[in-house]
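In this text, residue positions in the sequence shown follow our numbering: the first is 3, and each later residue adds one. Structure record follows, encoded as structure tokens.
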Amino acid sequence: MTWTFAIINYSKMLIDRELRKTEFAKKVGISANTLAKLSRNETVSMDIIVRICRSLGCTVDEIMDILPETRAKK
Numbered sequence: 003m004t005w006t007f008a009i010i011n012y013s014k015m016l017i018d019r020e021l022r023k024t025e026f027a028k029k030v031g032i033s034a035n036t037l038a039k040l041s042r043n044e045t046v047s048m049d050i051i052v053r054i055c056r057s058l059g060c061t062v063d064e065i066m067d068i069l070p071e072t073r074a075k076k
């Protein structure tokens with residue numbers, strides 16, 4: 003079985019802090035391309051995850067969840 007992850011609370015945390023995604027991305031140093039990947043739940047580097055957690059003052063398990071892969075890989 004293959005596993006993947008999904009960032010699940012990232013957007014909610016921004017809303018709770020009254021931050022727009024673009025403002026947050028600029029503050030953290032995330033490119034527009036990476037911001038788009040996050041919005042589509044695509045893979046990003048661990049460095050990005052760490053920067054997000056440090057900026058939001060949270061731990062990885064607060065913004066990520068590990069899920070079984072839902073589509074067959076070829």
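Think of the CB as a built atom: it goes at the ideal place given N, C-alpha and C, for glycine as much as any other residue. Source: prediction; values computed, not measured.
- With a cutoff of 7 Å on beta-carbon distance, I50 and Y12 are scored as not near each other.
- The C-alpha of M48 lies about 12 Å from the C-alpha of R56.
- Where I51 is concerned, the enclosing alpha helix (DSSP H) starts and stops at 48-58.
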